[in-house]
Structures are given as C-alpha cells and as structure tokens.
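In what follows, a structure is listed as structure tokens, so that the remarks can point back to it.
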Amino acid sequence: MLDKNILLVIAMAPLAAAVVAGLFGRKIGRTGAHLVTIAAVALSFVLSARILWAFVQGQAEPFNENLYTWMVAGDLRMHVGFLVDSLTAVMMAVVTFVSLMVHVYTIGYMHDDPGYQRFFSYISLFTFAMLMLVMSNNFLQLFFGWEAVGLVSYLLIGFWFKKESAIFANLKAFLVNRVGDFGFLLGIAAIVMAFGTLDYVEVFQHAESVVGKTISIFPGTQWQLITFICIALFIGAMGKSAQAPLHVWLPDSMEGPTPISALIHAATMVTAGIFMVARMSPLFELSEAALSFVMLTGAFTAFFMGLVGLVQNDIKRVIAYSTLSQLGYMTVALGVSAYNAAIFHLMTHAFFKALLFLGAGSVIIALHHKQDMKAMGGLRKYMPVTFLTMWIGTLALVGFPGFSGFFSKDIIIEATHESHRFGAGLAYAATLLGVLITALYSFRLMYLVFYGPERMDAHARAHVKESPWVVTLPLIMLAIPSVVIGWLAIEPMLFGDFFKGVIVVRPEHDVVAEIGEYQFHSPAQFVLHGFTGWPFWLMLLGLALTSYIYLRRPQVTERLKKTFAPLYRLLRNKYYFDEFYQKVFVRGAVRLGETLWQWLDQKLIDGVLVNGTARLVGRFSAAIRGWQTGYLYHYALTMVLAVVVLVAFYIF
Amino acid sequence: MISDWIPVVLFYAFAGVLLASALAVITVRNSVYAALLLVLAFFSAAALWMLLEAEFLAITLVLVYVGAVMVLFLFVVMMLDVKSREKHALGGYGKVAIAVAVAMLLEMVMLFAGKLAAGLPETSLTRHAADYSNVRALAEELFTRYVFPFELAAVLLLVAIVAAILLTLRRRPDFKHLDPARQIAVKASDRMRVIKMPAEPQSSGDDK
Amino acid sequence: MFGWSDLVTALPEIIVLSMACLVLLVGLVLKPEKDGLLVSLTMLTLVFAALVTLRDHLGAEAFVAREAFNGAFVRDTFGDVLKLFMYMVMAAVVVFAKQYLRNRSLFKGEYFSLALFALVGMMVMVSGNNLVTLYLGLELLALSSYALVAFDRNHLKATEAAVKYFVLGALASGMLLYGLSMVYGAAGSLQLQNIAQAAATQPDARLLILGLVFVLVGVAFKLGAAPFHMWVPDVYTGAPTATTALIASAPKLAAFGLAVRLLGEGLGPLQIHWQSMVAILAVLSIVIGNLFAIQQTNIKRLFAYSTISHIGFMLLGFVGGADGFAAAMFYIITYALMAAGGFGLLIVLSGKGVEVENIEDLKGLNQRNGWLAFLMLLIIASMAGFPPLVGFVSKLWVLKAALDAGYLGLTIIAVIFAVIGAFYYLRVIKVMYFDDAQTDEAIVASVDARFFLNVLAIAQLALVLLTPMLLDVCSSAIAAL
C-alpha cells in the first residue's frame, strides 16, 4: 500500500519550492532559488522512482483515495484525490526526472538572465501542476492540472516578455489551446451528464452502460454518446499535444527559453494529451469511430509535420517539428489501441527529445544565443560532449536498432500494420514514410551543425567552447536512458502485466499482444529482427541521402529547391496553416468583432442598452433623487411610507 | 354595579385626554404650549397605570418625565425663546403627514376590523389587597428573573454617559480657570513670598 | 435567581464588558505616549473572549446549548460561530483604526472602549433569548455606534451623519419596540420559544402579524436593507473611515443573528407571512444598491451601496428554509470579512493628512504598491462575485436556496443586477491598474495592519477551498437552533 503522505510530499514539494523561489526570490538570491527548487524536485524524483520500482517489482497496489472533498453540489461530489497505479508511476518518474535534469541545466542556460529566480519558480510550479495532472483520480482535478500546466506554459513562452515574437507566440498558444480546452470541457460535461460523477473509477465501471445511447447535438443528427465523449476529450488532447490542425502554437512556442522547450514542449506537457487518452482507454475502447479519428489525426500529423522539419533552418524549430511528428506517432498508437506502446514511446521520447533540445540549447549557448543552422557547422571538434550526446539522441530519434526510440517506434509501426481499423493502411504508410523523413531532417541537423565548414562569424568562432558541467551533466544523464531504456522496459511494459487492469484493451483490438505472440521473443531478437525490416532500410536511405548531400555536394540543396519550388514553398510556409488561420479566423474574428462592435456594441448596447440604461438610470435616479437628499425628514418619511406599504401588503 | 363602571369610565376619560393632548403636542405652534401639553399627556398615562394598580410606575413616570425631563425641556425652550416661525406646526409637510397617518389608521382598522382579540391569550387583571407592595414585586422580578436585561440596561446608560461626555466635554489646554477650593485654603504666607537676593551692584556708569 | 452557572455561561460577554470598563478607565489615566497599551488590551480581550468561547466546543464532551438567567440568554453554536467571526473582524478593525486615529489626533481610549461596548451589544443580539434582551443588545450596539460616528466631533459631516443615524435609528427602534410589544401582547410571553408556540397555534392572529411587520422594519433598518437603507450611504461617508469599517462589518453579523432569532426562531411559524415581504426587501435592496452604486464617485459611498446590495443577496437566503438560513449565514460571514478588508485597505491608504475618499484617489495603486493593489483586487473581485473567489460561491449558494424555494423571478433579477453591479467594481479595478498614479508617496502600513489585510484578502481565496467546512458549520449551527 502506498503512503498518502509520500504522495502528498511528491506533489507539494515542488509547489512549496516554487512559492519560496517566487515570493522570496530576492531574499534568498540566485543560489538559494536554484538550491531550493532542485532539492524539492530531487526529493520528488527519488520518491517517484521508489514508487515506480515498487510497481516494477509488483509489490505495490494501486492507490486510489480522495484526500479532500471540495464541494458537493447535489449528487455531484468534487474531490481532490490521487490515483496512483503503474501508468501514473511511469509518468511521475519521467516528469520528475526530466524536470530535475532541466532544473540543473537551467543553472547554466539562464546564467545571465535577470529573471533567474522567476524562471526557477515557474518550472517548479510547472512540475507541481504536471504531477497534479497525472496523479489525479477525477476529471475536475485533471482539468485543473490541465489548465495549470497550460498557464505556466504561457507564462514561460512569454518569459522574455520584451520580445515581440514571444508575446505573439504566447497569445497564439493561449488561443489555440482554448479551442482544445473547449472540446475537453464539453467532454467532461458530457461525462458528468452521462455518469453523474467525476471519479475515474466510477466512470470506468459504468462505461459499458452508455454504449448504444445517442445524443442529438444538432437537431436531426444522432451521435453515439460514447463517441461524442471520446472525440470531445480527444479535441482537448489535440490542443495540448499539438495535433494538426491545432498544432500551430508549438513551433512558435520555441520563442521561450530552451529548457522550457525541453521540459514542457517536448517531454511532459505536450504528452499530457497522450497520457489522458491512455488513461481513458476504457472509454475509448468502446468507440471504433473515435479511435479511427484519433489514428488518422496522428498519422496526418506524423507525416506532414515531419516534412516541414526538412526545410527549417532554426535549430529549435527543426526539433519542434520533429516533436510534432513524434507526437503524431504516439497518437497513431493510441488510435490502434496500442495504448501501452504510446506510453512507451512517450517515455523514450521524453528522454531523447529532452536530450536533443538540451543539446541544441548547449549549442545555442556556445554561439551566444544564435539559432540559425546556416551560421553553424563544424562544431564537433569544439564541443565533444554535446556532439556525442546529440548523436545518441539522433540515433534514438531515427530509431536505429538498439536505441530506445527503435523499440518504441518499431512497435508502433508494427501495431499499425496489424490493425484492421478503418484507415489503418493509410496510417501504416504514413508512419513508414515518416521514418524516412525523420532520418532526413535528423541527419540534416547533425550535418549542418557539427560537420562541414564553419559558417559562423569570426567573433563567434573565437568564443565557441564546450558548455559548463551543469549543462553537459544533464545531457549525459539523459543520454543513458536514451540508449538503455528500450532494452529494459519493452518486455514488462508491452508484453508483461505491468499495465494490467490500468490500460484496458478489448481482446479483438489488442494488436500489441498479437505482435508479442508471433514476433517478439526477447529484446535482442527484436533488435536483430529490426535490421531486416522496412523502417531500418528507409532510415539508412535517409542517412545515405543526407550524407551525400551535406557532406559531398552541398550545392545539391539549391538545385533541389529550384526543382521542387512549389513543394518547397508549401513546406516553408508550413502548408499555410498560419496564413489560413490568420486570414480566416483571426481576420474573420476581427471583422466580426468590428461589425459586432459597430452594430451591436455601439448602436445596440452602447446606444440602447448601456447609454439607454444609463439614461434610464439617470432619469430614474433623478426621479428618486428626492429620496437621497440628505434631509432627515425625507428619510424618515420614506421609512414610514414603506411601513404603510408593507402593512397594506397584508391587507390586500 | 356602578363600581365596575367607574374604572371603565375613568379609562376612557384618561385615554381620551392622552390622545387629545398628544395630538395637540405636535399641532400647536407655540413650543411652550407643546411642552406643557406633553406634561398633560404624561399625567394621563400615569393615571392609566394607576388604574392598572401599577402605582410605582405611575409615580416614576410623573417624577422622572414630568418632574425632571419636561422641566428641563421647558427651561431650554424658554431660554432659547423659540419663536414659532412656521404657519403650520408641521411645516410644509402637513398634508403628507396627515395623508400617511390616515392611511395607517385605515389600514389598522381594516386589518383588525373587529378581529383584534381573535386568537389572543385570555388574560385578566389580578386585584391585590391595599397593602400589596408594588415596588417589592417589581424589584423581585427585576433582580431575579430579569436580572440580565436589567444589567444590560445599566450598561446602556453607562454607554450613554460615556458618549455624552465624549461628545460634549471639551478640555482646552489653554483655558485658565480658578480653583475656589485652593483660593479659600490659601494662607497669608502663600500669598507673598519674600525673596532674599544679593544686592545688585550699581551700574550708574562709573565703571572702570 | 441566578447562580454561578449563569455567569459561566455568559463568560465571554462578561469578559468583554469588564474589559470595556477597564479600557475606559485606563484610557483616562494613561500618558499619551503609552497609549499603545489600549490597543493591546483590546486585542487581548478579543483573543481571550475567543478562547473562552471556543473552549466549550473543543472539550471532550459534545457541546450542548444552554440557557442562562432564566432563559434571557442562550449559549448555542449559532451564537458562538457568529461571535468568533465578530472577534476576528473586530480585531482587524481595531488594528486598522489605530493608525487612522493616530494620524488624525483622534486617538482616545473611548474609541476602543465604545468598540468593546458595541461588541457586547452584538454578542447579546446573537445570544438573546427573549425580546427584551435582544432589544437591549440592539440599543447597546446602536448607542455605541452613534457615538463612534460622531467621534471626530469637530468634523461637520461626521456630526451630521451621527445625528441622522441617531434620529432614524431612534425611529426604527421605536417601530421595532412597537412591533415587539404587539408580539408580546399576542403571544403573552417574551421568550422566543413561547412566542414560536403561540405563533404555531395561531398563525393568523392579526396582532401577531402587525407586530411582525414592525419587527421586520426594525431588523431591516439595522441591516440596511432597502427601503430602510437611506442612512447607510450618508453615515458610511460621513463617519471617520475607522468607524465605517467597524459599523460595516461585525454589526452585520449581529443584525443577521437578530434577524434569525426573531424571524427564524421566534416567528418561524409565520414564515409564510414574512418570506414574501423579505423577498421584496431583498429585490429592492439588490436593485437600489446596484443602481445607485453605478453613479458614485466616492468610494465609501460606493461601498455603502454595495453593502445594501449584499444585504439584499443575504436576504435572498431567508426565503429558502433551513438551507437558506445556512446559505445566508455563510454569505454574511464572508461579507463581513470582505467589508473589513475593503475598508481596512481604505484606512491604510489614507495616510497622514491624506483621506482616500474618491475612486480617483486609488489611481495607479498598482504602480505605488503592487501587492496592496492585488489584495484590493481580491477583495473587490470577491465583492463583485467573480469566480474563483468566495464572493462567487456565497452568491451561488443563496441563489440556489432561493431557486429551490421556487423564487425563479427573484433569482433572475438578482443575477441580472449582480452583472450590472460588476460594472462599478470593474471601474475601481480599472482605476487601480490602468490609470497613472498622481502621487508616488509611499504607503505606510504597520506590520499588524498588513497582517490583517493579508489574512482578510487571502481568505477570499482560501475560503473557496474551505467552503464545505464553513457551510457545514453554518448548517449545523442553524440546525441546532
């Protein structure tokens, strides 16, 4: 049995540290701020790791308890409570580990920033919010965590609030997430309507009862209630996990400091949607339609967003598009009922993507906050640690057999291949081709940054050096799991009993079990098998192409650009999503707003309602001004008159 | 029995005087008359209490209100020489006041309309012997059953005193006043003090 | 007769009363430079009284309500809960007043003594068990309040306000007394329980009903409900802000207690007669309070009209039976905290020689002191009833009570005017945050004043989390009546 006090410490320690660093930052100074936050997060990590270990050993029972009843409204009870099972334990360990690494890294990255203490306060606060999200045992607290991580994320994207682009990115993230949150709220409302409770376990127990029920959203159309719930919830996930078409905020969020990109926009917050869907597997399993929708959304994102990554020159944006694409993979896994594979990929991705981001950050520090890859090159001899760890991250990302990314991505592709869901063929093609694209942009990044001629200016070159140990230590610490975690975790997580009773998959959907039965015998065998599969050869093709282009014939890129000019323009402009939104929604909203302002606001509301009301109130109060004259006998008369009226009230 | 009728007749007589004088208090123009009419109203009320055998209360009413409060009132009115300036005692609001009063009266009549006693508890006055001590009975009630309200009333008076002093007492530090007690107690030796002091050297200009 | 147990039962009242006399005496002999002792004594009294009040509830055996002084006084959970909040609010007000009075050379022992006397009156109002006791408690509070309003006796507006308050208060008091005498005549007893019995057997007795109307008038005046509200703006504006803070906060709790004792406990069986009348008062208060508030430029006057509207919302709870009473109790408790905080901030901002009177005076508060502006924001937003502050939760519960009782129209009007009301609160927030400061004078606040400000403002947030607990306390207090 897990101790609830330990769980409380895990969640509350980062909050307390955030409060201390935030409110007393000036008093405790820079060192004080990072010491207190790092200590708190380290404590959370150690305790989380112990809990995870207990689950791995099979010694821990799931913990589900309400700690505080916040409000009872009729039959609806609103609680604060924890549900800690193997799924939560994995998430807690990943969140606290990456958070800890990012905390340490931040000492180096934000070294000269005036907002040092504020930054530490925010990332600790984020850790708290993320823990509340994953540890929740009910939808209300989930929503609280959901909004809280969002809030901190906006604060951090706009951390450099004097930067115009950061403010714009901040606003964009906020608005796009509102769209997703609207769906999420609708989903929660539908759950309350259908089940009358917010508690996960109660909802899951009665999940079967809503099968076959329909609701009519627009007159004349009938929706399966369960499908509506799942799709509404998934729209929330689309916002948070940046699935097309709600992905536009994530690349722009790179305006925030790099540690944030690693922690929030790669490893943890953006995976909240994936986690949520996996947590809701008992519901999603009941709706084929919703799962198909999930799968196709993921496939679309995985393929098309990867393509955009090919033409980006900002080092962080390349990784951002890669994140979009990898989130797409996870979503595909969810869509084919391979929830455990999605969580597995979430975990491996958290490590190697955080590693890549922090590595990129290390490069950015060395080049004095320059992010353009056109002005890099040949860095391998200046920054050996960064170079090596980045290679590890890249190999994991492209899924080179043996690295952690290989295990998780291969399973997803295999599972998609096995699935018979509507559209699964398309998803399979997208994920397979995605491997080639991943290889292309990943190796391109490596070659542009670390190989070839040194394209930076003389001043920068003179100062390039390896980053301090607080930066490289987290890189090394993240590189280790990027290599080994796949070997260790694949068997229990995917083919063992680790998620038994937590993630529910109906037998006829269980593609992962099928793979386990026919193809998987041991990690080593799986790696060997990997060398013969399509993904490996596609990846090699990518490696060969990029090696040829960037190491031998750099001028080819220009020719390619000319040959495929329309495609290049399309990708450079990110499929015109931003322009489309800008023109249709933003301008449309502005125009609608202007029209409404002119007609409704100025004429109707200002003219009739507000000014009209004001006039009315003015006249009214002029009429009753006789009462509030300040004359005593007027007041007394009013009182006596009121008595007369009240007595009359009883007679008539 | 004529003896049963006497109290009833007396009640209506005094009640009539009470109402009439009370009405007159607020309608006459001369303030001195108004004060005197109020005295009459108090007397009538005291007489009504007498009829209820509440002699102590009746006497207290006369002593306190008539003897102290109203006399003070008359002093003030006479000293200030308040002239009746308004044509009508109620000022310009006479009509409004009358209208409201009439409305209230009508309402009360309609509300009760012969049903005043409906559902009220039956009570009758217990007659006591002539030597029954009203004061004693009152005191017993006040100091046992109603001791809490009684004490509260005392606190209320205390607060009234504190408030009155706070708002009216003005201590002026620069105010020079005489203390008769000290003036009387003064001795001759205190009146004049002979001080020995060294003779001043002559300074008539013959300095060296 | 009365004995030791009677005295023990009324111990909190006795402590406060004795200390009021002591403070009065000490104030007379104390040298001016040592006058801080008066504040300490007052605070000590409040703390001690709170401990004594709490003691019986924390003991091993369950608390049992008990009567004392032949039923004139009752010690029950309802009264004790209200008293505990009164102590707290009074403590805050006393601390705020200290600085205010010092800055204006008004610092006298009488202020604290009268405040304690007023507190005794309030305590009796929530603990009285017969008509005479309740009435005397009310008068004790009223008389102390009149004196406190006129405390700055050289100030013309304050004196004018005091005279108005006094005369209208006397009128209302007369009406209340008239009503009480009719109730006594109809029921044949002063005890609330006996009156309830008599009312239950004769719910249509005309005399009782007429008495009820006048009782309601008296209570409505004390609460400041429209149309008996006209003294509120004048008195709030005219009185020294330290006094305004006092009469705007804790006495509302007492008036609520009085209303529940008289209407709920004594005349409860006549609920069908009074609830429609209370509903009228509630609507009038909400409408008039919000409509008039919009036009105000004086912040104290604005708060006065806001009080009237809040009282209207609280009265909404009265139409909803036991749940409604609990909701109303929750409402008035949170409101008392808000009001003390709001006026406390005005006091703190009114430094030496500066009087914060108009909304304009709050211009650019955020630039001058961001934290104070934030605290003010919390309080104002809570008054306006914005989520997630407690003002929202408390409104929600009274509206729910009114809705459950079937007053749909009433609820709709209340919601509409709550929205209209949000406008004038927003204006204050706008002035604080978006206008430029006219002065960059530093705001001086003593440590204890800052402490209470923080507590009262943060409570607007924290009470949201504690809502179920407090609501539970209120429900059980009402249920135990």
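Chains as they are written, first to last, in this note's numbering: chain A, 665 to 1316; chain B, 650 to 857; chain C, 560 to 1040.
Note that beta-carbon positions come from the ideal geometry of N, C-alpha and C, so glycine has one too.
None of these values were measured; they are calculated from a predicted model.
{"Item": "PHE797(B) at chain C interface by Cβ criterion, 8 Å", "Value": "yes"}
{"Item": "C-beta atoms of SER941(C) and MET888(C) nearer than 8 Å", "Value": "no"}
{"Item": "From ALA706(C), TYR694(C), ALA717(C) and LYS716(C), residue whose alpha carbon lies closest to that of PRO798(B)", "Value": "TYR694(C)"}
{"Item": "Counted within 10 angstroms of its Cβ, other Cβ atoms place GLN761(C) as buried (16 or more) or exposed", "Value": "buried"}
{"Item": "For GLU1000(C), the three-state DSSP class (helix, strand or coil)", "Value": "coil"}
{"Item": "TYR742(B) vs TYR1295(A) beta-carbon contact at 8 Å", "Value": "no"}
{"Item": "Residues that PHE1313(A) contacts on chain C, provided the C-beta gap is smaller than 7 Å", "Value": "MET836"}
{"Item": "Range of the contiguous alpha helix (DSSP H) that encloses ALA677(A)", "Value": "668-687"}
{"Item": "Own chain partners of ASP639(C) with C-beta closer than 7 Å, once the 5 adjacent residues on each side are dropped", "Value": "THR612 and HIS616"}
{"Item": "Presumed contact (8 Å Cβ cut-off) between ALA696(B) and PHE663(B), rounded CB distance", "Value": "5 Å"}
{"Item": "Reference GLN926(C), options ILE1002(C), ALA801(C), LEU589(C) and PHE862(C), closest by Cα", "Value": "ILE1002(C)"}
{"Item": "Cβ of VAL745(B) within 8 Å of any chain C Cβ", "Value": "no"}
{"Item": "Per-residue DSSP class, three states only, for TRP913(A)", "Value": "helix"}
{"Item": "Residues that ILE879(A) bridges to, as DSSP identifies them", "Value": "TRP887(A)"}
{"Item": "Chain-ordered neighbours of LEU727(C) on chain A, where CB pairs are closer than 9 Å", "Value": "LEU1296, TYR1299, ALA1300 and MET1303"}
{"Item": "Cross-strand partners of SER800(A) (DSSP beta bridge)", "Value": "PHE746(A)"}
{"Item": "Chain A contact residues for LEU1024(C), given Cβ-Cβ distances below 7 Å", "Value": "TRP734"}
{"Item": "Nearest-angstrom Cβ-Cβ length linking LEU1104(A) and THR1210(A), presumed shorter than 8 Å", "Value": "6 Å"}
{"Item": "Buried versus exposed, by CB contacts within 10 Å (16 or more), ALA813(B)", "Value": "exposed"}
{"Item": "GLU789(B), enclosing alpha helix (DSSP H) - first and last residue", "Value": "783-789"}
{"Item": "DSSP three-state assignment for GLY920(A), whether helix, strand or coil", "Value": "coil"}
{"Item": "Helix, strand or coil at LEU1104(A) according to DSSP, with G and I counted as helix", "Value": "helix"}
{"Item": "Contacting residues, own chain, Cβ-Cβ under 6 Å from ALA818(C) (five flanking each side not counted)", "Value": "VAL778"}
{"Item": "Where PHE761(A) falls: helix, strand or coil (DSSP)", "Value": "helix"}
{"Item": "Beta carbon proximity, LEU754(B) to chain A, threshold 8 Å", "Value": "no"}
{"Item": "Per-residue burial, THR1058(A) [other beta carbons within 10 Å of its own, 16 or more giving buried]", "Value": "buried"}
{"Item": "Neighbour flag for VAL865(A) against chain B, beta carbons, 8 Å", "Value": "no"}
{"Item": "Contact set for LEU1112(A): own chain, Cβ-Cβ below 7 Å, skip 5 residues either direction", "Value": "MET1037, MET1040, GLY1041 and TYR1214"}
{"Item": "8 Å Cβ cutoff, VAL1307(A) in contact with chain C", "Value": "yes"}
{"Item": "Spatial neighbours of MET846(B) in its chain, beta-carbon cut-off 7 Å, leaving aside the 5 residues before and after", "Value": "none"}
{"Item": "Neighbour flag for ALA932(C) against chain B, beta carbons, 8 Å", "Value": "no"}
{"Item": "DSSP-derived helix/strand/coil call for LYS857(B)", "Value": "Only weak support is given to the placement of LYS857(B): the predicted model assigns it a pLDDT of 48, under 50, and the value that follows is read from those uncertain coordinates. In this structure, LYS857(B) counts as coil in the three-state DSSP scheme."}
{"Item": "Of the listed residues ALA853(A), LEU1207(A) and GLY1066(A), nearest to PHE1107(A) (C-alpha basis)", "Value": "LEU1207(A)"}
{"Item": "Beta-carbon spacing of ASP916(A), LYS1045(A) below 8 Å", "Value": "no"}
{"Item": "Rounded distance between the beta-carbons of HIS788(C) and ILE853(C), thought under 8 Å", "Value": "About 16 Å separates the two Cβ atoms, so there is no contact after all."}
{"Item": "Against chain A: residues of the stretch 664-684 of chain B by CB proximity under 7 Å", "Value": "none"}
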